[in-house]
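Shown next, in structure tokens, is the structure this report addresses.
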Amino acid sequence: MSRPIDINAKIDRCAYYPGEVVTIVCNVSNKSSVGVIPRVTLRQIQTFKQLMAAKNNEKTVRRQTTHAVKKQRLEGSLTEPGLSTTHIFHVEIPIDIPISVDCPILTVSYDLHLTVDIPSAIDLHLDLPIMITTKNVVNQYKPYNSEYKMT
1 MSRPIDINAK
11 IDRCAYYPGE
21 VVTIVCNVSN
31 KSSVGVIPRV
41 TLRQIQTFKQ
51 LMAAKNNEKT
61 VRRQTTHAVK
71 KQRLEGSLTE
81 PGLSTTHIFH
91 VEIPIDIPIS
101 VDCPILTVSY
111 DLHLTVDIPS
121 AIDLHLDLPI
131 MITTKNVVNQ
141 YKPYNSEYKM
151 T
């Protein structure tokens with residue numbers, strides 16, 4: 001029976017301006033017998049919505065695409081077996097990035113996708129949703145508790 005690998009991550013809030021830097025504090029507890037490496041990617045999720053009319057009802061069809069933003073992938077250091085480490089990632093939001101949008105036909109959203117690379121096994125994944133905006137909503141929110149834990 002394999003031993004668990006725990007990951008939790010925290011960001012200070014959920015909304016950011018283009019050009020800002022997001023600081024992610026990621027704790028990895030590795031009780032397994034192999035070394036693991038955490039990494040983080042800023043991803044853009046585009047969801048296209050189309051209303052389809054059937055005979056008696058309507059149905060919304062969604063097509064979603066996800067891709068990394070401008071190669072924004074950062075890799076942490078190795079967490080040896082039996083150890084716990086804290087990794088701090090600084091992800092820069094590109095200055096020319098489209099803001100988060102939610103309209104009837106298109107949604108553009110973002111997340112910070114954390115992956116713990118486990119050799120010869122299924123990797124752990126954790127998504128921290130964020131909003132990218134130009135509006136003055138960033139400072140209106142109290143610090144956002146976005147702590148997630150996955151075992």
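In terms of full-length UniProt numbering, the sequence shown is numbered consecutively and its last residue is 151. The C-beta atom is built at its ideal place from N, Cα and C for all residues, glycine as well.
Taking proline 18 and valine 116 to be in contact with their CB atoms under 8 Å, please state how far apart those CB atoms are, rounded to whole angstroms. Indexing the sequence shown from 1 puts residue 18 at position 18. Indexing the sequence shown from 1 puts residue 116 at position 116. About 28 Å separates the two Cβ atoms, so there is no contact after all.
Pick from Val25, Asp127, Ala121, Met131: whose alpha carbon is nearest that of valine 108? Taking the first residue of the sequence shown as 1, we reach residue 108 at position 108. Measuring C-alpha to C-alpha distances from valine 108 to each of Val25, Asp127, Ala121, Met131 identifies Met131 as the nearest.
Give me the residue from Met52, Ile45, Ile97 with the minimum Cα distance to threonine 65. Numbered from 1 along the sequence shown, position 65 holds the residue referred to as residue 65. If we check each option's Cα against that of threonine 65, Ile45 comes out closest.
Output the boundary residues of the beta strand (DSSP E) element that contains glutamate 92. Along the sequence shown, one-based indexing puts residue 92 at 92. Residues 84-92.
Leucine 114 - containing beta strand (DSSP E), residue span: Here residue 114 refers to the residue found at position 114 when the sequence shown is read from its first residue. For leucine 114, the uninterrupted beta strand (DSSP E) segment begins and ends at 106-117.
Specify the secondary structure class of residue 157 as computed by DSSP and reduced to three states. Because the chain is modelled from 1 through 151, residue 157 falls outside the range shown and cannot be assessed.
Pull up the distance between the alpha-carbon of valine 21 and that of serine 32, whole angstroms please. Residue mapping note: residue 21 aligns to position 21 of the sequence shown, counting from 1. Residue mapping note: residue 32 aligns to position 32 of the sequence shown, counting from 1. Valine 21 and serine 32: Cα-Cα distance of roughly 32 Å.
The ligand MG heavy atoms versus the CB of histidine 113: any closer than 8 Å? No copy of the ligand MG appears in this structure; indeed no ligand is present at all.
Report all residues from its chain with a CB closer than 6 Å to the CB of histidine 87; omit the five preceding and five following residues, and keep chain order. Here residue 87 corresponds to residue number 87 of the sequence shown, with the count starting at 1. In the same chain as histidine 87, and ignoring 5 residues on each side of it, the C-beta atoms closer than 6 Å to its own belong to Cys26, Pro38, Gly76, in chain order.
Have a look at Asp96, Lys49, Ser120 and flag the residue whose alpha-carbon is nearest the alpha-carbon of isoleucine 105. For the purposes of this step, residue 105 is taken as the residue at position 105 of the sequence shown. Taking only the C-alpha atoms, the option nearest isoleucine 105 is Lys49.
What residue from Lys10, Lys135, Glu92, Ile118 has the CA that sits closest to threonine 79's CA? For the purposes of this step, residue 79 is identified with residue 79 of the sequence shown, where counting begins at 1. With distances taken between CA atoms, threonine 79 lies nearest to Ile118 out of Lys10, Lys135, Glu92, Ile118.
Could you tell me whether the Cβ atoms of leucine 124 and isoleucine 7 are closer together than 9 Å? Indexing the sequence shown from 1 puts residue 124 at position 124. Indexing the sequence shown from 1 puts residue 7 at position 7. Between leucine 124 and isoleucine 7, the gap from beta carbon to beta carbon is short of 9 Å.
At the level of alpha carbons, what is the spacing between isoleucine 5 and leucine 126? Within the sequence shown, the letter at position 5 stands for residue 5. Within the sequence shown, the letter at position 126 stands for residue 126. Take the alpha-carbon of isoleucine 5 and the one of leucine 126: they are about 13 Å apart.
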